[in-house]
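In the UniProt record's numbering, the protein residues as written are 1 to 264. For every residue, glycine included, the Cβ atom is placed at its ideal position computed from N, Cα and C.
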């Protein structure tokens, strides 16, 4: 036969006292600490448990639970927490325990179960438990285990091979190769320095040119442009005059030749 959790931890009178006498979260905490028989809340775990019961009680008030529903819900929360911590239940087994308790208080089948919670209550309770209780107890009450893992290679590590003496080179050849390498590095360094100097000089010239352009007054620039336009216009007029003069001489010469041809 299933046992209902109604009035197991909080009686109807105790819930009424909380509702009538408490007007703040702190006062509700004091009553819950007394009624749920918790140690001093200065203790870390007791403080966490008290906080859990406080939020559970506030949840019942937000959802307008009756005193009967409030008592059953608080006891369900306590049962899930106690079983999960005491028996080291996995998440799946703890959730199964939760479903069994909710079913026991949601279906009217005496003596196996009684209907206290409605379908809407179950949806709200499920959301509350999944989003608060499991994370809280797992973080605060589950023991921490440190795993030390040592790994070993199955194969035997082989030392790198040493070149044979027959492949060795003489000291003179070694010195010559090192000297050639040093000269190559010097050439590369000199080339790099020359490129950097050339780039710096180009940047300097560009900076000087830009500064010169910026230093020329705008009025002087306009006057210079006007003067250039004047000379260009004069050159154009002279060129047109020269072309007209040449064209006139060509016409006169052509006319003279034409007259001479007629006289003959």
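Short of 8 Å from the beta carbon of residue 94, and not among the five residues preceding or following it, lie these beta carbons of its own chain, in chain order: 80, 83, 84 and 134. DSSP places residue 162 in the coil class of the three-state scheme, outside both helix and strand. CA-to-CA, the gap between residue 111 and residue 53 works out to about 28 Å. Boundaries of the alpha helix (DSSP H) harbouring residue 85: 67-86, taken from the DSSP string.
Per DSSP, reduced to three states, the secondary structure at residue 113 is strand. Rounded to whole angstroms, residue 167 and residue 184 show a C-alpha spacing of 25 Å. Assignment of beta-bridge partners to residue 106 by DSSP yields 115. For residue 56 against residue 74, the beta-carbon gap comes to about 6 Å, under 8 Å, which counts as contact. By the beta-carbon neighbour count (other beta carbons within 10 angstroms, threshold 16), residue 107 is exposed.
Cβ-Cβ distances below 7 Å link residue 68 to 6 and 116 in the same chain, with the five nearest sequence neighbours on each side left out; the list follows chain order. Taking 8 Å as the cut-off, the Cβ atoms of residue 113 and residue 101 do not count as close.
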